[in-house]
Amino acid sequence: MEAGLLVLDAGGDFADGVIAYEGNWLGGETFVSFDKKAVTLLSVQGQSARLL
Numbered sequence: 768m769e770a771g772l773l774v775l776d777a778g779g780d781f782a783d784g785v786i787a788y789e790g791n792w793l794g795g796e797t798f799v800s801f802d803k804k805a806v807t808l809l810s811v812q813g814q815s816a817r818l819l
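According to this note's numbering, the sequence shown is numbered sequentially starting from 768.
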């Protein structure tokens, strides 16, 4: 939940933060999305993220 709140506080979507966190926890290496803002915010936070 904290990951979602961090993204929400940065101006993004709570769900994107939670999805990125859970994906990483499950072994995913890169968050991939059509959402340019989500990819930008997660990249700024140091996570590997890629825009489709």
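Virtual Cβ for every residue (Gly too), placed ideally from N, Cα, C.
A quick note: this is a predicted structure, and the numbers were derived from the prediction, not measured.
Determine, using beta carbons only, whether residue i and residue j come nearer to each other than 8 Å.
| i | j | result |
| --- | --- | --- |
| Leu819 | Phe801 | yes |
| Gly784 | Gly771 | yes |
| Gly779 | Lys804 | yes |
| Ala782 | Leu809 | no |
Assign residue i to one of three DSSP states: helix, strand, or coil.
| i | result |
| --- | --- |
| Leu773 | helix |
| Ser810 | helix |
Name the DSSP beta bridge partners of residue i, please?
| i | result |
| --- | --- |
| Ala782 | DSSP, once it has assigned bridges, lists no residue as partnering Ala782. |
Rounded to whole angstroms, what is the Cα-Cα separation between residue i and residue j?
| i | j | result |
| --- | --- | --- |
| Val774 | Gly813 | 12 Å |
| Glu796 | Ala816 | 9 Å |
| Val811 | Asp776 | 13 Å |
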